[in-house]
Structures are given as C-alpha cells and as structure tokens.
Amino acid sequence: IAGSHTISHWLVLDGHSYFIIILCALFLYTLQPCSTFTLSSSTPLSLLLLPLLYSLLFSLYFSFFCRIPCNFQALQPLFLQYQASAGEKKKVLIVNTNGGGHAVIGFYFAKELLGSGHQVTILTVGEESSDKMKKPPFSRFSCWGKTVWGEPADIGKIMEGTAFDVVLENNGKDLDTVRPVADWAKSSGVKQFLYISSAGIYKPTEEPPHVEGDVVKADASHVAVEKYIAEIFGSWAIFRPQYMLGSGNNKDCEEWFFDRILRDRPVPIPGSGLQLTNISHVRDLSSMLTLAVENPDAASSNIFNCVSDRAVTLDGLAKLCAQVAGRPVNIVHYDPKAAGIDAKKAFPFRNMHFYAEPRAAKEVLGWKSTTNLTEDLKERFEEYLKIGRDKKTIKFELDDKIIESLKVPVAV
Numbered sequence: 004i005a006g007s008h009t010i011s012h013w014l015v016l017d018g019h020s021y022f023i024i025i026l027c028a029l030f031l032y033t034l035q036p037c038s039t040f041t042l043s044s045s046t047p048l049s050l051l052l053l054p055l056l057y058s059l060l061f062s063l064y065f066s067f068f069c070r071i072p073c074n075f076q077a078l079q080p081l082f083l084q085y086q087a088s089a090g091e092k093k094k095v096l097i098v099n100t101n102g103g104g105h106a107v108i109g110f111y112f113a114k115e116l117l118g119s120g121h122q123v124t125i126l127t128v129g130e131e132s133s134d135k136m137k138k139p140p141f142s143r144f145s146c147w148g149k150t151v152w153g154e155p156a157d158i159g160k161i162m163e164g165t166a167f168d169v170v171l172e173n174n175g176k177d178l179d180t181v182r183p184v185a186d187w188a189k190s191s192g193v194k195q196f197l198y199i200s201s202a203g204i205y206k207p208t209e210e211p212p213h214v215e216g217d218v219v220k221a222d223a224s225h226v227a228v229e230k231y232i233a234e235i236f237g238s239w240a241i242f243r244p245q246y247m248l249g250s251g252n253n254k255d256c257e258e259w260f261f262d263r264i265l266r267d268r269p270v271p272i273p274g275s276g277l278q279l280t281n282i283s284h285v286r287d288l289s290s291m292l293t294l295a296v297e298n299p300d301a302a303s304s305n306i307f308n309c310v311s312d313r314a315v316t317l318d319g320l321a322k323l324c325a326q327v328a329g330r331p332v333n334i335v336h337y338d339p340k341a342a343g344i345d346a347k348k349a350f351p352f353r354n355m356h357f358y359a360e361p362r363a364a365k366e367v368l369g370w371k372s373t374t375n376l377t378e379d380l381k382e383r384f385e386e387y388l389k390i391g392r393d394k395k396t397i398k399f400e401l402d403d404k405i406i407e408s409l410k411v412p413v414a415v
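In terms of this note's numbering, the sequence shown has 396 at position 393, counting the first letter as 1, and numbering is strictly consecutive.
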C-alpha cells in the first residue's frame, strides 16, 4: 500500500466532514413534498432511520470513490506501522563494540527487537571473563537475548551453522574490521545488512544542520565502509549517530558537567557557548533501527542521520544539567589557543556547530523522536548518584590551567 501513488490520493474525511454530509442529507430530505412522507405517531422506526442510512451511504461513497489529493507523506507512517505489526519476525545478529559511546546502542536495540517478537543474538567483541563485561551495558546483555563473545574476524567460526535474516554491524570504524563481518553475512545469505557509521564524517558546513546527502570527508574511515556495504548488499542501510545518552552509556558527556556542578567548580566551555550540538536518547536510535528491520524495502539503500530532532547549545546543556541537579552553575568561556589547551582533551564536545537532522528517517520510515533532554538528564543524574560518582575524587588539571589563565576563583 505504501508504494501506491494511486491509492494515496483517496479522500480522507475527518469527523467534521461526516457531520456536514449528514446534515446536508437530512436537509435535502426535509425538502421532499409532504405527500411523499408524513410523520405520525404510527410511523415505523425503520422509516425514521432512513435519512441516517442515506447519509451514511453518501459519506462512504465519497470516502472510497472521490479522488481528491491529500498529503500521502502524513499517512505513510500509518502504513509502515501496519506493515511492521503484520510482518514476519526476524532473526537478528548484533555485532557490538566493547568500547566507546556506541556500545550502549546494541543493548537498547536488542531490548526493542525482543519486545517486538524478534530473535536476537549479540556478538560482543572481547572476552566474557574480562572486567569490562561486568559493567553496564555489557552486564545487561544476557537479559536481552543470546550473547556470545569473540573477535569479528572469527565470525564464521563463532556463528557456524547459524542463519540470520539481519545483521547490525555496530563495531568497526574501518573496512579492515568490518569486511570479515560483511563478507560472512553476504556468503551466509543474510537478507539485510545495517551499519552504524558516524555523523562525524560530514564536512563542516556554513549551513547547519547536516542532512543526508551532505558532503562527507573523503579520508574518513567510515566512508570506505559505507561504500563497500552498498556495493555488495542488495538490502542495506547506514545509520550516522552523534552524541547520545541513556542508562548504561559509558561515554562521559553529561557526567562531565555533573562532575563540576556538584563540586561547585566553574564549568569551562570553549568559545562562546552558543555552539549547537545534538544529543539523542539511545531509545531514539534503537527505534529507528527497529523500523528499518521491520520495513526493509523502505529502508533499503538509504542513509539515516540517527539523531533526535532538536539541537541544544553547549551553554544550554550546562544549564540543563544544573537544573536537574538542583544546583547553580558558573559557566566560564575561554579561547583554547590563548589558554594553551587542546579543546579535544579538555571538553567532551566539538568546539563548533555540530548537529544533524533526521530528515530521511521521518520521511522514509515515519520515525518520531522521543528525546526529552530535561527528563532524560534526570535519568542520567540519578544513575550518577547511584554509582557514587559524586563522592569520587576527580582531578581537574586541565580545568585548573584554563581557570588560571582566566583568573577565575575556584571554591575550595
């Protein structure tokens, strides 16, 4: 249905339209000569209901046979949701990284897939006995599907005799790492291949936000991976995330702000603090991926910015973190060059406008963002307190160097 442009032009009537049609039918009925029909106490109920019957038939006629153009894009999400609920259940393999901010994607994706009735196996890079696997999100994987451990290069041996409909590659950043997984998936008959790339491959632009189709950095390692996947698979999709938050995330982003706010320290932000960025809750990423699995034809051969649909300034993020912590915030701005500081080491976000828009996911998959920074930061702050990070000793050498260059007093 979603691919039919003819059907897309059917008239969709709302409650107001039906009401007007009924009123018109009743009005026309009352114009009939009195000799045709006269009301009395003995009039059968069936005759009294005739006007309503005629009006309903009239409205149904217009609903199904009138060809008045309507906005099909607004209806497409409904068609996709229907297809997803009625579609076949898939066997999905998630090849998941054991480090960085992307690790938590596999956990949320597995959780959502299982909740929708699909089968999930997670291949986590590394060894089961390592200390890292005892911490979130890795310690939670066994609760959401079958989990195995190993190296992507050995995927053929690890998954020998097992067939999958879909593979999500959420580990490799370069072709040497991804190729063994992609080649195995191709040779074993996998129907759909999904890859977690990065929105960091876009070239800086004077017209933010980044949208799918914008120029990418030719030397970015993810670019070669994306090209290879598009060449060997018939059904594929690429996802480019940015910064994310969610329970179990082990990438210090919002925690960086909490560390300083709770210790009454200045929060040093490079530049003006008005730089725009994008932070998405991981459930947004997992819901987008799940829609791709359940609507492979729609998702095929597409690149999706895997982000929420709102931007936030760096100063705004600091203020939101202070708000959920119930503490004041002292933001100070600095020039990294003047302070003799490498901003990449001193600050967890890019010192520039860096945000993308999920245009393709909305138009192609009918996806909607659910990220609410204030509420989602509350979740992260509760977790921050739960693990006792507010009580830990943290060194602020780079901060101190920045603050010294600005001559800003620091609470002891």
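No residue lacks a Cβ here, since even glycine has one placed at the ideal position from N, Cα and C.
Just so it is clear, the structure is predicted and the values come from calculations on it, not from any experiment.
Fill in: Val226 versus Lys149 - alpha carbon distance
Going from the Cα of Val226 to the Cα of Lys149 covers about 31 Å.
Discussion item. Please list the terminal residues of the continuous alpha helix (DSSP H) segment that includes Ser408.
Written reply: For Ser408, the uninterrupted alpha helix (DSSP H) run begins and ends at Glu400 to Leu409, by DSSP.
Worksheet item: Cα-Cα, which of Ile282, Ile97 and Ala301 is closest to Pro244?
Response: For the options Ile282, Ile97 and Ala301, the alpha carbon positioned closest to that of Pro244 is the one of Ile282.
Worksheet entry | The alpha helix (DSSP H) enclosing Glu234, as first and last residue numbers | Unbroken alpha helix (DSSP H) run through Glu234: Ser224 to Ile235.
Fill in: For Lys395 and Cys324, the rounded distance between their alpha carbons
Counting only the Cα atoms, Lys395 lies some 18 Å from Cys324.
Worksheet item: Are the segment 305-321 and the segment 341-349 touching, with three or more C-beta to C-beta distances below 8 Å?
Response: Put simply, the segment 305-321 does not touch the segment 341-349. Fewer than three CB pairs are less than 8 Å apart.
Worksheet entry | Arg330, DSSP secondary structure in three states | Three-state DSSP puts Arg330 in coil, outside helix and strand.
Practice prompt. Look up Glu297 in the DSSP assignment and say whether it is helix, strand or coil.
Written response: Collapsing the DSSP output to three states places Glu297 in a helix.
Worksheet item: Is the segment 202-210 touching the segment 156-174 in the sense that three or more CB pairs, one from each, lie closer than 8 Å?
Response: The segment 156-174, when compared against the segment 202-210, does not touch it at the 8 Å Cβ threshold.
Worksheet item: If we count the other Cβ atoms within 10 Å of its Cβ and call it buried at 16 or more, is Thr280 buried or exposed?
Response: Flag for Thr280 reads buried.
Item to complete: Could you pull the start and end residues of the alpha helix (DSSP H) that Leu376 belongs to?
Response: Note, Leu376: alpha helix (DSSP H), Leu376 to Lys389.
Worksheet item: What residue range is occupied by the uninterrupted alpha helix (DSSP H) comprising Phe167?
Response: Taken as a continuous stretch (DSSP letters only), Phe167 belongs to no alpha helix (DSSP H), as it is neither H nor E.
Fill in: Cβ neighbour criterion (16 or more within 10 Å) applied to Lys398
That one is exposed.
Worksheet item: What first and last residue would you give for the beta strand (DSSP E) that runs through Pro207?
Response: Neither: Pro207 is in no beta strand (DSSP E) and is coded neither H nor E.
Worksheet item: Skipping 5 residues on each side, what residues in its chain have a beta carbon closer than 7 Å to that of Glu386?
Response: The residues Ser250, in chain order, have a CB closer than 7 Å to that of Glu386 in the same chain once the five nearest residues on each side in sequence are set aside.
Worksheet item: When DSSP labels each residue in this structure, what does Arg243 get in the three-state scheme?
Response: Here Arg243 sits in strand by DSSP.
Worksheet item: Out of curiosity, what's the CA-to-CA distance linking Lys350 and Val181?
Response: Checking the sequence shown, residue 350 turns out to be Phe, not Lys. Phe350 and Val181: Cα-Cα distance of roughly 30 Å.
Worksheet entry | Sequence-distant residues of the same chain with beta carbon closer than 6 Å to Ala302, five excluded per side | So the list reads Ala240 and Ala295, once near-sequence residues are dropped.
Worksheet item: When you compare each of Asn101, His213, Lys220 and Val327 to Ile264 by their alpha carbons, which one comes out closest?
Response: Comparing alpha carbon positions, the residue from Asn101, His213, Lys220 and Val327 closest to Ile264 is Val327.
Discussion item. Spatial neighbours of Gly120 within its chain, please: C-beta separation below 8 Å, excluding the five flanking residues on both sides.
Written reply: So the list reads Lys92, once near-sequence residues are dropped.
Worksheet item: Is Pro273 helix, strand or coil when you go by DSSP?
Response: Correct three-state label for Pro273: strand.
Worksheet item: Three-state secondary structure (DSSP) at Tyr111?
Response: Judged by DSSP in its simplified three-state form, Tyr111 adopts helix.
Fill in: Nearest candidate by alpha-carbon position, reference Asp403, set Pro271, Leu292, Lys389 and Ser191
The residue among Pro271, Leu292, Lys389 and Ser191 with its C-alpha nearest the C-alpha of Asp403 is Pro271.
Worksheet item: Are the beta-carbon atoms of Val228 and Gly175 separated by less than 8 Å?
Response: Gly175 sits close to Val228, with the two beta carbons spaced by under 8 Å.
Practice prompt. State whether the segment 372-383 contacts the segment 282-293, with contact taken as three or more CB pairs (one from each stretch) at a distance under 8 Å.
Written response: Judged by pairs of C-beta atoms under 8 Å, the segment 372-383 touches the segment 282-293, as three or more such pairs exist.
Item to complete: Ignoring anything shorter than 4 residues or poking outside the segment 309-356, list the alpha helix (DSSP H) runs there in chain order.
Response: Taking only runs of at least 4 residues, the alpha helix (DSSP H) segments lying wholly in the segment 309-356 are 317-328, 339-342 and 346-349.
Worksheet item: Where Ile406 and Val151 are concerned, what is the direct C-alpha to C-alpha distance, given to the nearest angstrom?
Response: The alpha-carbon of Ile406 is positioned some 47 Å away from that of Val151.
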